[in-house]
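Contents: one structure, followed by commentary.
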Amino acid sequence: MQIKNICCIGAGYVGGPTMAVIALKCPDIKITIVDVNPTKIKAWNGPLSELPIYEPGLSDVIKETRGRNLFFSDDIAGSIEKAEMIFMAVNTPTKTEGEGAGMAADLSYVEACARDIAKYSKSNKIVIEKSTLPVRTAEKIKEILEKESTDIHFEILSNPEFLAEGTAIEDLFKSDRVLIGGDDTASGQKAIKSLVNIYANWIPKEKILTTNIWSSELAKLASNAFLAQRVSSINSLSALCEKTGANVDELSKAIGMDHRIGSKFLKASVGFGGSCFQKDILNLVYLCKFYGLNEVADYWHQVVKINDYQKERFAQKVIDYFDGNLAGKRIGFLGWAFKANTSDTRESASIKVSEILYKHGASLSIYDPKVKYETIVNDIENLWETKGSFKDKRINIVDKLISTSQCDVFVILTEWEEFEQVDIADTKVIFDGRNINQNQNKFSIGK
Ligand code: NAD
Ligand code: UGA
Numbered sequence: 000m001q002i003k004n005i006c007c008i009g010a011g012y013v014g015g016p017t018m019a020v021i022a023l024k025c026p027d028i029k030i031t032i033v034d035v036n037p038t039k040i041k042a043w044n045g046p047l048s049e050l051p052i053y054e055p056g057l058s059d060v061i062k063e064t065r066g067r068n069l070f071f072s073d074d075i076a077g078s079i080e081k082a083e084m085i086f087m088a089v090n091t092p093t094k095t096e097g098e099g100a101g102m103a104a105d106l107s108y109v110e111a112c113a114r115d116i117a118k119y120s121k122s123n124k125i126v127i128e129k130s131t132l133p134v135r136t137a138e139k140i141k142e143i144l145e146k147e148s149t150d151i152h153f154e155i156l157s158n159p160e161f162l163a164e165g166t167a168i169e170d171l172f173k174s175d176r177v178l179i180g181g182d183d184t185a186s187g188q189k190a191i192k193s194l195v196n197i198y199a200n201w202i203p204k205e206k207i208l209t210t211n212i213w214s215s216e217l218a219k220l221a222s223n224a225f226l227a228q229r230v231s232s233i234n235s236l237s238a239l240c241e242k243t244g245a246n247v248d249e250l251s252k253a254i255g256m257d258h259r260i261g262s263k264f265l266k267a268s269v270g271f272g273g274s275c276f277q278k279d280i281l282n283l284v285y286l287c288k289f290y291g292l293n294e295v296a297d298y299w300h301q302v303v304k305i306n307d308y309q310k311e312r313f314a315q316k317v318i319d320y321f322d323g324n325l326a327g328k329r330i331g332f333l334g335w336a337f338k339a340n341t342s343d344t345r346e347s348a349s350i351k352v353s354e355i356l357y358k359h360g361a362s363l364s365i366y367d368p369k370v371k372y373e374t375i376v377n378d379i380e381n382l383w384e385t386k387g388s389f390k391d392k393r394i395n396i397v398d399k400l401i402s403t404s405q406c407d408v409f410v411i412l413t414e415w416e417e418f419e420q421v422d423i424a425d426t427k428v429i430f431d432g433r434n435i436n437q438n439q440n441k442f443s444i445g446k
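Residue numbers are given in numbering that gives the first Met the number 0: position 358 of the sequence shown equals residue 357, and the series is strictly consecutive.
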């Protein structure tokens, strides 16, 4: 079946870039991205310099496709009705209440999508899980769709997304693999084929992997768990390096040169951040426990525990440097995003480290080249345990690196390129989350 009309529910970090790239590569397909958040839709339709997310190369793709075959709309009902294929790219955060709180994925947004699809569909649809979901979620979605709408055939596929923020467009252009899971029925195979045909417009066929639906759902969680596990493995060894005089960068290089291990994702850091690693591993841990696999659950849980330990260990170094007394000390906090080339701060190590230092009495001058002032305020107000801290005069958010030059020490937590090119005019102590082995280097931000 030749798809002509796609609807994507969720105009976030995944929905926006993935649909923009499909629109670019498939000019004959009309794609409408819808969202419950009208402000977001307005921003996607607004100036290219103010798109809701920052992603290198994204504005060029939007410039070419928007209004041609890519549309952003708040007409959820109409867009579902017209589409032959519907992607669900809504958020799946960790549950905050009810059974599985703090561990399991909150599927309420996905379930709401399924109810909307059932309600507004008047013809058969291919429904695609783009969000990261626990294995066997397709079963639940099918149940909702069939309960609410009996005379329409819904074919469910799993097509998880592997893009990383900061390189989303590059990743979508040259994916390592595209994974598509579906049922082994005639209609399942037909649906798989129509999705394969879309990706085949720019992804080599050998990189398009088709599997059963459960393998596809689980492969996404497992991929993130493997990546995060590598970071926690090297971070755990960074602690041993500091005790023994070994250098963690030299260690990573030596380990990574073994082609069976490989060199990627072995950079010691202050701990991984981002919206997915922690939530996906916790979700995996929950699933293992659900199936009674407690040893397997404990194994994966340790990846998250080491990550928490690393953030606390890093903050403790700064505290120890001041012999526990940070009152009257101003810390230049360089980097708030969870990694370079993104404005996303979800689960950023900066949030936890800054809170610990603030609680010990430090004043903070925070600078990030891309994160908006309001985002930093929002993170401090909503994610720190002590509410109302931002109103305190001890926190200062600045829009230029130079404005932090009067600080007593620096903490660098995001690998922004501009932090590489500092002008050595005066020496200051830094605690470098990018180079955890060499804290307390001398460094300066210029005059
Ligand atoms: P996001 O929060 O940036 O975007 C989700 C969007 O869905 C929001 O704009 C929200 O308003 C909208 N939404 C929620 N419920 C809705 C509903 N019922 N109807 C219409 N719109 C609704 O999330 P994201 O980062 O794009 O992640 C989406 C999914 O993709 C998650 O499952 C995540 O794990 C997965 N994922 C994310 C990344 C990433 O880099 N961020 C990469 C791969 C996979
Ligand atoms: C990650 C995966 O890389 C994507 O494949 C996946 O699609 C995505 O999660 C998701 O499911 O959301 P992302 O979180 O955007 O992408 O960014 P990564 O590049 O994986 O970095 C995650 C964190 O690990 C960052 O805080 C980064 O600084 C840290 N990291 C990464 C290290 O500390 N050391 C490394 O060697 C690599």
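Glycine included, every Cβ here is placed at the ideal spot set by N, Cα and C.
Exposure of residue i, with buried meaning 16 or more beta-carbon neighbours within 10 Å
i, result
"Ser-157", "buried"
"Val-290", "What sits at residue 290 in the sequence shown is Tyr, not Val. When all chains shown are included, Tyr-290 counts as exposed."
"Arg-229", "buried"
"Met-256", "exposed"
"Gln-439", "Any reading at Gln-439 is ruled out, since the residue's pLDDT is 47, under 50, leaving its predicted position unreliable."
"Thr-344", "buried"
"Trp-415", "buried"
"Ala-424", "For Ala-424, the predicted structure reports a pLDDT of 45, less than 50, and the residue's modelled location is therefore unreliable. The matter cannot be settled from this model."
"Ala-76", "exposed"
"Ala-10", "buried"
"Tyr-285", "buried"
"Met-18", "buried"
"Pro-26", "exposed"
"Lys-392", "exposed"
Best match in the options for proximity to residue i [C-alpha to C-alpha]
i, options, result
"Phe-430", "Val-60, Val-20 and Leu-333", "Leu-333"
"Arg-433", "Lys-278, Ile-233 and Asp-297", "Ile-233"
"Thr-131", "Thr-149, Ala-103, Tyr-119 and Ile-151", "Ala-103"
"Val-376", "Ser-388, Glu-384 and Pro-368", "Ser-388"
"Leu-220", "Gln-277, Gln-1 and Ala-117", "Gln-277"
"Thr-91", "Asn-324, Tyr-12 and Lys-358", "Tyr-12"
"Ser-362", "Glu-380, Glu-346 and Gly-327", "Gly-327"
"Asp-183", "Asn-211, Ala-117 and Lys-304", "Asn-211"
"Leu-265", "Ser-237, Gly-272 and Glu-241", "Ser-237"
"Val-33", "Ala-82, Glu-373 and Leu-283", "Ala-82"
"Ser-214", "Gly-180, Ile-191, Lys-242 and Lys-204", "Gly-180"
"Asn-68", "His-152, Val-60 and Thr-136", "Val-60"
"Arg-312", "Arg-65, Val-352 and Ala-336", "Val-352"
"Thr-166", "Gly-45, Ile-254, Ser-342 and Leu-23", "Ser-342"
"Ile-28", "Glu-96, Gln-1, His-359 and Thr-93", "Gln-1"
"Gly-323", "Glu-294, Leu-356 and Tyr-308", "Leu-356"
"Pro-159", "Glu-216, Tyr-320 and Lys-369", "Glu-216"
"Leu-239", "Gln-309, Phe-172, Cys-275 and Leu-194", "Gln-309"
"Ile-5", "Ser-404, Gly-360 and Ala-88", "Ala-88"
Cβ distance (whole Å) where residue i is taken to contact residue j below 8 Å
i, j, result
"Ser-413", "Ala-339", "It should be noted that the sequence gives Thr, not Ser, for residue 413. Correct: roughly 6 Å between the Cβ atoms."
"Ile-177", "Ile-207", "It is worth fixing the name first, because residue 177 is Val in this sequence and not Ile. About 5 Å; that satisfies the 8 Å criterion."
"Ile-197", "Ile-21", "6 Å"
"Gly-331", "Phe-409", "4 Å"
"Pro-16", "Leu-57", "6 Å"
"Ala-224", "Leu-283", "5 Å"
"Cys-86", "Thr-31", "Note on identity: in this sequence residue 86 is Phe, with Cys being the wrong assignment. At roughly 11 Å, the Cβ-Cβ gap does not stay under 8 Å, so Phe-86 and Thr-31 are not in contact."
"Val-397", "Ile-365", "7 Å"
Under 9 Å between C-beta atoms of residue i and residue j
i, j, result
"Ser-231", "Asn-306", "yes"
"Lys-252", "Ser-262", "yes"
"His-258", "Leu-281", "no"
"Tyr-119", "Glu-80", "yes"
"Ser-186", "Glu-154", "yes"
"Glu-346", "Gly-244", "no"
"Glu-354", "Trp-335", "no"
"Ala-527", "Asp-279", "The requested residue 527 is not part of the displayed model; the chain covers only 0 to 446."
"Ile-140", "Ala-111", "no"
"Asn-36", "Arg-65", "no"
Proximity test, Cβ basis, 9 Å: residue i and chain C
i, result
"Glu-142", "Protein chains in the displayed structure number just one, and chain C is not present."
So, do the stretch 126–135 and the stretch 49–59 have three or more beta carbon pairs nearer to each other than 8 Å? no
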